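Written below as structure tokens is the structure these notes are about.
In the UniProt record's numbering, the protein residues as written are 1 to 260.
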């Protein structure tokens, strides 16, 4: 299903996106060395509830997972890049943490992810991985213009990642979003320009480049959810929900502090 939102629904999507961006920013400011991943999940649950919103993850049970996800946010550390289930672990200095959050407010969902290092960096690798995903995300968003095609976004992301020397995995990527978290069209992180669904005003897309240092192979953790780099290499992931408008792409999941 591909949804085209009405102007009224798009206004609701803006509110949901702002909430997602603000929660992620609040978590980034609160997380420190010694923070337990389950604490992050509890903080997230409280902020979602206080806003009158609903988690898109707690009851999420797709075919590739093992039962309902059962938590409010994904918390990936170092080699864990996607669908990472919170568990009892206290963050150490230099850990590369990815937080991926999707909520629904007034019937419209928004989805975003950030990666950052906890405390002083261990080396230059983590920052370079994060910067590569952020550049690729910016390139993909810039390509998300009305009458462009999904392949234009995918090509922009893949070209950026490869230009930074990374291999690109296309098993998991971005997606349509609206009244539900995951919808068509799929937005792979690499592709051919001029191909795929033509973008229309009112379409919402979650655009999400991610990388693994030196590999493009994933393995599934014992929890049946967490996807890790096959080599144990560190990873990074950046994501925004974007609305296609007549004037171009509008990023919905920026925190309030980054809005004009």
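Backbone N, C-alpha and C define an ideal beta-carbon position, used for all residues, glycine too. None of these values were measured; they are calculated from a predicted model.
8 Å Cβ cutoff, residue i in contact with chain B
i: residue 212; result: Going by chain labels, chain B is absent from the structure shown, which holds only one protein chain.
Distance between beta carbons of residue j and residue i, contact taken as under 8 Å
i: residue 233; j: residue 258; result: Not really, about 30 Å apart at Cβ, beyond 8 Å.
i: residue 31; j: residue 118; result: 6 Å
i: residue 57; j: residue 73; result: 7 Å
i: residue 91; j: residue 33; result: 6 Å
i: residue 110; j: residue 13; result: 6 Å
i: residue 208; j: residue 174; result: 5 Å
i: residue 187; j: residue 154; result: 6 Å
i: residue 3; j: residue 126; result: About 36 Å separates the two Cβ atoms, so there is no contact after all.
i: residue 227; j: residue 145; result: So it is not a contact: roughly 31 Å between Cβ atoms.
i: residue 27; j: residue 87; result: Contact doesn't hold; Cβ gap of about 17 Å is too wide.
i: residue 240; j: residue 84; result: In fact, because the Cβ distance is near 19 Å, the residues do not count as touching under 8 Å.
i: residue 215; j: residue 167; result: 6 Å
Euclidean distance between Cα positions of residue i and residue j
i: residue 49; j: residue 169; result: 35 Å
i: residue 190; j: residue 245; result: 23 Å
i: residue 140; j: residue 203; result: 15 Å
i: residue 147; j: residue 194; result: 10 Å
i: residue 106; j: residue 231; result: 42 Å
i: residue 89; j: residue 114; result: 19 Å
i: residue 138; j: residue 238; result: 10 Å
i: residue 243; j: residue 205; result: 6 Å
i: residue 150; j: residue 172; result: 15 Å
i: residue 5; j: residue 157; result: 25 Å
i: residue 81; j: residue 123; result: 19 Å
i: residue 152; j: residue 143; result: 6 Å
i: residue 121; j: residue 184; result: 38 Å
i: residue 77; j: residue 42; result: 17 Å
i: residue 129; j: residue 222; result: 25 Å
i: residue 163; j: residue 93; result: 30 Å
i: residue 116; j: residue 229; result: 17 Å
i: residue 70; j: residue 253; result: 23 Å
i: residue 250; j: residue 108; result: 16 Å
i: residue 59; j: residue 181; result: 12 Å
i: residue 201; j: residue 11; result: 13 Å
i: residue 29; j: residue 35; result: 12 Å
i: residue 25; j: residue 217; result: 30 Å
i: residue 192; j: residue 44; result: 38 Å
Local Cβ density within 10 Å of residue i, reported as buried at 16 or more and exposed below that
i: residue 61; result: exposed
i: residue 79; result: buried
i: residue 219; result: exposed
i: residue 64; result: exposed
i: residue 16; result: buried
i: residue 1; result: exposed
i: residue 255; result: buried
i: residue 46; result: exposed
i: residue 95; result: buried
i: residue 224; result: exposed
i: residue 178; result: buried
i: residue 67; result: exposed
i: residue 165; result: exposed
i: residue 196; result: buried
Contact test: residue i Cβ vs the ligand SAH heavy atom, cutoff 7 Å
i: residue 60; result: For the ligand SAH, the structure offers nothing, since it holds no ligand at all.
Q) Given 8 Å as the limit, is there contact between the region 43 to 59 and the region 11 to 28, that is, 3 or more CB pairs closer than that? A) Segment contact: the region 43 to 59 against the region 11 to 28, three or more CB-CB distances shorter than 8 Å; contact assigned.
Q.
Can you confirm whether the region 129 to 138 touches the region 100 to 111 when touching is taken to mean that 3 or more C-beta pairs between the two stretches lie within less than 8 Å?
A. Too few Cβ pairs lie closer than 8 Å, so no.
Q) What runs of the beta strand (DSSP E), each 3 residues or longer, lie entirely inside the region 80 to 143? A) Correct list: 80 to 82, 96 to 105, 108 to 117.
Q. Which runs of the alpha helix (DSSP H), 4 residues or longer, sit entirely within the region 11 to 54?
A. Counting only runs of 4 or more, we get 37 to 50.
Q: May I have a chain-ordered list of the beta strand (DSSP E) segments no shorter than 3 residues that lie completely inside the region 176 to 202?
A: Counting only runs that start and end inside the region 176 to 202, the beta strand (DSSP E) elements of at least 3 residues fall at 183 to 187.
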